[in-house]
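Numbering-wise, the working numbering puts 474 at position 291 of the sequence shown, and it's gapless, one number per residue.
Where is the CB? At the ideal position from N, CA and C, for every residue including glycine.
Read the structure below first, then the notes.
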Amino acid sequence: MRGNVEEKIERRILTDPHLARLRGAPLKGEVYLVGGAIREMLTGGMPKDYDLVLSDEADLSRFEGYLGAKAFPLGRKPFNMKRITIDGLTFDCTIIEGPIEEDLWRRDFTINAIAYDLRRRRIIDPLLGLEDLKRRLIRCPRRENLRADPLRMLKAVRHLCSLRGFALSDELLRAITEERSLLSGVARERIKYELDRILLSDNVFLGMEVLERTGLLYEIFPELLPMKRMDEEGRLDLEILGHTILGFRYLPRERTFYPFSEGDILWVGYALLFHDMGKCETMKEEPEKGTVHFFYHERVSKEKAKTIMERLRFSTEETRSILSLVENHMRIFLISTDHATVKATRRLVLRMGELTPHLVLLSKCDMYGSSKGRKNSSTERVERRCREIMEVFYEFKKHPPKCVINGHDLLSLGFEEGPIIGRVLKEVLDLQLQGRVRDREDALAYAVRFLKKGNG
């Protein structure tokens, strides 16, 4: 088996001019290709990041000269790792003092603990990573490796999502469950990076299931724990957290109707996770009617989401967009009735603007999470309304609705410059779409009434 593996790696190396050149570099020590690049080469991928392990620090300078690129230090002193970037490729170079086997034992997973000796052209695999690749198994060399860098627990889930058909070993699942509290010591930015990668995966539902099952989800988002407890009590026909997580099953399928960017998908993914957090506090039961209400739960959800995003240091744009989606996540359902008007649809699109497709996607995931993927008359109504919403969205992009008055009109009436101008113009345009403002005269009259109330 090793002979075939070595031939496969050799063919890949020859397709990369930089790796091929390194093969001929006048080095004094040992040089090994290790980590994810080996895994990708053997599973059909084309790596853009390479981990190189060197036994002689002076060889790093020789690398720089040979490649014509400068190496920059990574991490903290002493800098035993440096990075070289050239032609869109990244080479992370680590200097080791002991044998390569010691370095491999410290790696995150056995499938990333395979080394290839570039000079002798041979595989070094003391942890049987090749066998785990064949078995499609993600296994950690030893529990101490998770403790050394607890972020590896999230990386395991990310690999599970990105490596199709792979599974986490029982030992790794048990270790993550028992060591999950160590995640609290990891930098928030690193945690969010791994979460982003999970949410962008086509296997995001599997990832969310494992995060929940191991308890990692609650280490990152303790605000979700009340939802879990309510589900376990079985007081409701619909599981609150259960349907939220199930909604992620439909995220990859439903997002094809619009050219969403990765950032767009992340906004919807986080909004889906956060949108029902306020239900536990707002639940009102009416036993005599056999009904349960969650009036204004979206407002509570929004406040909880804001706290989470401050803690995890989301960007201002991410926070603003996700909060808007959480706050408005009920609106499509509210207008998906036989009595809803075209005006209601147009007002919704005006309200959401560029976030309209995002709200449609969020609503579809929420809906199918609740119905467990089943289609019925209710889901058909929502689907129909979503199509109408997107038609209006494209219409507005082509021919944006115009307000019958402008900022100069408001200033001439006595309004002060500032955000109030945009707010009033948006309200007037909303009234136009409702048919309550028919012309310029109606609009100016509304503005005067607004000003007299002391709002200008």
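Segment limits, beta strand (DSSP E) that includes residue i
{"i": "residue 469", "result": "467-469"}
{"i": "residue 476", "result": "474-476"}
{"i": "residue 439", "result": "From DSSP, residue 439 is part of no beta strand (DSSP E); its letter is neither H nor E."}
{"i": "residue 272", "result": "272-278"}
Proximal residues to residue i (C-beta, below 7 Å), its chain only, five neighbours per side dropped
{"i": "residue 477", "result": "462, 465, 466"}
{"i": "residue 427", "result": "455, 456, 459, 552"}
{"i": "residue 245", "result": "208, 209, 210"}
{"i": "residue 197", "result": "203"}
{"i": "residue 279", "result": "236, 238, 286"}
{"i": "residue 424", "result": "407, 410, 411, 414"}
{"i": "residue 296", "result": "287, 290, 310, 312, 324"}
{"i": "residue 550", "result": "562, 565"}
{"i": "residue 395", "result": "428"}
Sub-8 Å separation of residue i and residue j beta-carbons
{"i": "residue 532", "j": "residue 575", "result": "yes"}
{"i": "residue 552", "j": "residue 389", "result": "no"}
{"i": "residue 339", "j": "residue 355", "result": "yes"}
{"i": "residue 489", "j": "residue 517", "result": "no"}
{"i": "residue 298", "j": "residue 287", "result": "yes"}
{"i": "residue 266", "j": "residue 372", "result": "no"}
{"i": "residue 219", "j": "residue 232", "result": "yes"}
{"i": "residue 572", "j": "residue 590", "result": "no"}
{"i": "residue 383", "j": "residue 445", "result": "yes"}
{"i": "residue 363", "j": "residue 397", "result": "yes"}
{"i": "residue 301", "j": "residue 407", "result": "no"}
{"i": "residue 217", "j": "residue 199", "result": "no"}
{"i": "residue 344", "j": "residue 437", "result": "no"}
{"i": "residue 596", "j": "residue 631", "result": "yes"}
{"i": "residue 522", "j": "residue 447", "result": "no"}
{"i": "residue 385", "j": "residue 435", "result": "yes"}
{"i": "residue 642", "j": "residue 600", "result": "One cannot answer for residue 642 here, as it falls past the ends of the chain, which runs 184 to 639."}
{"i": "residue 515", "j": "residue 482", "result": "no"}
{"i": "residue 306", "j": "residue 215", "result": "no"}
{"i": "residue 193", "j": "residue 304", "result": "yes"}
Residue i burial status per 10 Å Cβ neighbour count (16 or more: buried)
{"i": "residue 626", "result": "buried"}
{"i": "residue 487", "result": "buried"}
{"i": "residue 485", "result": "buried"}
{"i": "residue 546", "result": "buried"}
{"i": "residue 543", "result": "buried"}
{"i": "residue 333", "result": "buried"}
{"i": "residue 433", "result": "buried"}
{"i": "residue 292", "result": "buried"}
{"i": "residue 431", "result": "buried"}
{"i": "residue 504", "result": "buried"}
{"i": "residue 241", "result": "exposed"}
{"i": "residue 269", "result": "exposed"}
{"i": "residue 393", "result": "buried"}
{"i": "residue 480", "result": "buried"}
{"i": "residue 358", "result": "buried"}
{"i": "residue 377", "result": "buried"}
Where the alpha helix (DSSP H) containing residue i begins and where it ends
{"i": "residue 148", "result": "Nothing can be reported for residue 148, as the shown portion of the chain is limited to 184 through 639."}
{"i": "residue 539", "result": "539-554"}
{"i": "residue 265", "result": "Here residue 265 belongs to no alpha helix (DSSP H); instead the beta strand (DSSP E) covers 264-269."}
{"i": "residue 572", "result": "560-581"}
{"i": "residue 344", "result": "334-345"}
{"i": "residue 425", "result": "423-430"}
{"i": "residue 587", "result": "Unbroken run through residue 587: none, as it is neither H nor E."}
{"i": "residue 488", "result": "480-494"}
{"i": "residue 406", "result": "Looking at the DSSP string, residue 406 is not in any alpha helix (DSSP H), and its letter there is neither H nor E."}
{"i": "residue 211", "result": "Where residue 211 is concerned, there is no enclosing alpha helix (DSSP H), given that its DSSP letter is neither H nor E."}
{"i": "residue 201", "result": "200-206"}
{"i": "residue 527", "result": "525-535"}
{"i": "residue 518", "result": "It is not in any alpha helix (DSSP H) - residue 518 carries neither H nor E in the DSSP assignment."}
{"i": "residue 326", "result": "326-331"}
{"i": "residue 498", "result": "Segment: none, residue 498 is in no alpha helix (DSSP H) and carries neither H nor E."}
{"i": "residue 452", "result": "445-457"}
Close beta carbons around residue i, own chain, < 6 Å, minus the five adjacent residues each side
{"i": "residue 213", "result": "238"}
{"i": "residue 492", "result": "502"}
{"i": "residue 509", "result": "454, 457, 458, 484, 485, 488"}
{"i": "residue 294", "result": "222, 312, 315, 316"}
Contact set for residue i: own chain, Cβ-Cβ below 8 Å, skip 5 residues either direction
{"i": "residue 584", "result": "529, 533, 612, 615, 616"}
{"i": "residue 374", "result": "334, 337, 366, 403, 495"}
{"i": "residue 201", "result": "250, 269, 270, 272, 274"}
{"i": "residue 387", "result": "344, 381, 431, 434, 435, 452"}
{"i": "residue 368", "result": "333"}
Test: residue i CB closer than 8 Å to a CB of chain D
{"i": "residue 373", "result": "Absent from the structure: chain D. Only one protein chain is present."}
beta-carbon residue i near the ligand NAD non-hydrogen atom, thresh 7 Å
{"i": "residue 302", "result": "You won't find the ligand NAD in this model; it holds no ligand whatsoever."}
* Asked: In chain order, which alpha helix (DSSP H) runs of at least 4 residues are fully inside the region 594-626?
  -> 602-617
* Inside the region 214-256 only - alpha helix (DSSP H) runs reaching at least 4 residues -> 219-225, 241-250
* Just list the alpha helix (DSSP H) runs in the region 276-322, keeping only unbroken ones of 4 residues or longer that don't cross its boundaries, in chain order. => 283-288, 312-318
* **Ordered list of alpha helix (DSSP H) runs contained in the region 352-386, each at least 4 residues** => 353-362, 371-383
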